[in-house]
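*Asks:*
Residue numbers (my numbering): 7 to 105.
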C-alpha cells in the first residue's frame with residue numbers, strides 16, 4: 007500500500023464481519039433488565055444513608071449497599087436529576103443537603 011486511496015480500496019473490499027460488530031449494545035442481555043419501582047423504593051433509604059456531604063467513591067457505595075450496579079446507578083441518577091447529588095473527580099459522589 008502506497009497511498010490513502012490504497013487503504014480505502016482495501017477497506018472497501020473487507021467483509022463487514024472482519025471490521026467488527028457495529029450494532030449497538032444489546033439491551034436484552036442478561037443484567038440489563040429494567041429496575042422495578044419496588045426495588046427502587048426499598049433501596050433508596052440504603053443509598054441515602056450511605057451518602058453524606060463528603061465525597062465517596064461509587065465503587066464503595068456498591069460494596070457497602072450490596073446493590074446491583076443497575077439499581078445503584080439508577081438511584082444516583084434520580085438524585086442527580088433532582089439536584090441532590092454532586093459528582094466529584096475520581097468517580098465520587100456526595101449528597102447535597104436540602105436547605
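We treat Cβ as the ideally placed atom computed from N, Cα and C, and that holds for glycine.
Can you name, in chain order, every residue of its own chain whose Cβ lies under 8 angstroms from the Cβ of residue 90, other than the five neighbours on each side?
*Replies:* Within the same chain, residue 90 has close Cβ partners 101, 102, 104.
*Asks:* Roughly how many angstroms lie between the CA atoms of residue 52 and residue 71, to the nearest whole one?
*Replies:* Cα-Cα distance, rounded: 7 angstroms.
*Asks:* Is the separation between the beta-carbon of residue 96 and that of residue 59 shorter than 8 angstroms?
*Replies:* Their beta carbons are not under 8 angstroms apart, which means residue 96 does not touch residue 59 by this criterion.
*Asks:* Mind pulling the beta strand (DSSP E) runs of 3 or more residues that sit fully within the segment 44 to 100?
*Replies:* Listed in chain order, they are 91 to 94.
*Asks:* Using the three-state DSSP reduction, which class does residue 102 fall into: helix, strand or coil?
*Replies:* Coil, per DSSP.
*Asks:* Quick check on the DSSP output: the alpha helix (DSSP H) that includes residue 18 runs from which residue to which?
*Replies:* Segment 10 to 19, the alpha helix (DSSP H) holding residue 18.
*Asks:* Name the residue from 41, 19, 47, 57 whose alpha carbon lies nearest to the alpha carbon of residue 93.
*Replies:* Out of 41, 19, 47, 57, 57 has the C-alpha closest to the C-alpha of residue 93.
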